[in-house]
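Quick notes on the structure that follows.
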Amino acid sequence: MTLALEATLSVVLLAFVLGVAVLTAVVRDVLTTVVVFAAYSLGLAALWVVYRAPDVGLTEAAVGAGVTTALFLLTISRTVRPATDEGLVDRRSVRPRSVLVASVVTVALLATVPALPTVGASDTAAFGPVAEYYLTDAADRGVDNAVTAVLVVYRGFDTFGEVAVVFAAAVAALAVLGREVLA
Amino acid sequence: MTRSPYTDSPVVTTTVRLLAPGVLTYGLFTLFHGTSSVGGGFQGGVVAAAMVVTVAFALGIRRTAAWLDRRALSALVAAGPVVFGVVALAGVALGGAFLQLDVLPIPKATVYATEAIEVGIGATVAAVIVVLFVRIADGYEEPREADTSVLDGGTTPSVEVPTDD
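Chain order of the listed sequences is A and B. Numbering of the first sequence is given in this note's numbering, commencing with residue 1 and proceeding in unit increments. Numbering of the second sequence is given in this note's numbering, commencing with residue 1 and proceeding in unit increments.
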């Protein structure tokens, strides 16, 4: 993919993601919100693919656009619409102090952006000797997908912890729901 | 209610019927080819589970839940931590470090040990998503035949909805 095409795609996708993100917040109907939110995840997934992170894109598409949407749909099917046509956000319930705190946090986070290294900067950790070692050693071991190699071979302890968290989350959720029997 | 969260639309059911084998195969492919191409345990498991969830939405959550085997699901949920633990400790038993994969006495030890772990992860992730979905859907009442026929304008639903709740 040429650089110009990549840049154009990034801009288009970022604009799309930003647009649907705003739409998710302002749309009145909950069902529409859920569908728009799925579109947001799909845009992000496409963006990951453009940024050459297809592993993340795959997960984002399946979890963000797929499973999360299904869970939201289940949830709204068990709730009722408010009788008034005010929409979800009642303007009188928005407190100025909350808006102030949210704005300060946003500005503070944005202020850190200039401290980030530029895209492709050679002095970042991604170009350090460790990354070089991972790439050559993984190929020597026969694991061609460097992402999988880092997850299981070099950072196996973290991944073990993640699987334990997934398992524990399932057990905890079922215990809270009071349904220890599966399916 | 003007909209139904459940559909009897033949377009939806046919599309899901056509998609399901392909997507499930793709999920398994991603699961088993994690070492050589895009994907791995998390991705493959999530894709497979998302397909089961889609099938449940199209063909009825209760019917799908009835088709699942609860003992198999329990085994799958536990598979990830168990497989990961066994592989990790096998390294110790053979004189290596915890999670040292290349001491295992098999050809291309790192590759196959990684594959085993990936399959375990995929099993746990897929089963956890399916179980949570089905359990959260428990109190959810699917529209009965009478309701859906009203929505469809009186046509007979092509899929029978169990009404034994």
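All C-beta atoms in this analysis are idealised placements derived from N, C-alpha and C, irrespective of residue type, glycine included. All figures in this text were calculated on a predicted structure; none of them were measured in a lab.
DSSP places Leu-99/B outside both helix and strand once states are collapsed to three, so it counts as coil. Closest by C-alpha distance to Thr-114/B, out of Thr-124/B, Leu-94/B, Gln-100/B, is Gln-100/B. Gly-57/A and Val-20/A do not touch by the CB rule: their CB atoms are close to 17 Å apart, not below 8 Å. For Leu-101/B, the neighbours in chain A by C-beta distance under 9 Å run, in chain order, Arg-141, Val-152, Val-153, Gly-156.
In chain order, Val-20 place their CB closer than 6 Å to the CB of Ala-39/A, counting only its own chain and leaving out the 5 sequence neighbours on each side. In the three-state DSSP reduction, Gly-178/A falls in the coil class, being neither helix nor strand. In the three-state reduction of the DSSP assignment, Leu-68/B falls in the coil class, being assigned neither a helical nor a strand state.
Judged by beta-carbon spacing, Met-51/B lies within the 7 Å limit of Ala-20/B, meaning their Cβ atoms are closer than that value. Nearest CB-CB separation between Thr-79/A and chain B: not below the 7 Å threshold.
In this structure, the CA atom of Gly-120/B is about 44 Å from the CA atom of Val-101/A. Per DSSP, Leu-132/B is one residue of the alpha helix (DSSP H) stretching across 109-136. Within the same chain, and ignoring the five residues on either side of Val-92/B in sequence, the residues whose Cβ sits closer than 6 Å to its Cβ are Phe-98. Proximity of the stretch 53-69 of chain B to the stretch 125-139 of chain B meets the contact definition, three or more beta-carbon pairs being nearer than 8 Å.
For Thr-2/A and Thr-8/A, the gap between their C-alpha atoms comes out near 10 Å. Residues Leu-31, Gly-41, Gly-44, Gly-45 of the same chain have their beta carbon placed closer than 6 Å to that of Gly-122/B, with the five preceding and five following residues left out of the count. When Cβ-Cβ separations below 7 Å define contact, Pro-81/B makes contact with chain A. Across the structure, Tyr-134/A and Ser-103/A are spaced so that their CA atoms are roughly 41 Å apart. One thing to note: Ile-76/A has its Cβ within 7 Å of the Cβ of Val-30/A. Contact residues of the stretch 25-43 of chain B toward chain A are Gly-27, Thr-30, His-33, Gly-34, Thr-35, Ser-36, Ser-37, Val-38, Gly-39, Gly-40, Gly-41, Phe-42, Gln-43 (C-beta to C-beta distance below 9 Å). For Tyr-40/A, the uninterrupted alpha helix (DSSP H) segment begins and ends at 30-50. Any Cβ of chain A closer than 7 Å to the Cβ of Ala-116/B would place that residue at the interface, and such an atom is absent. For Thr-148/A, the closest Cβ of chain B is nearer than 7 Å. Around Val-26/A, no beta-carbon contact reaches into chain B at under 9 Å, the shortest distance being about 20 Å.
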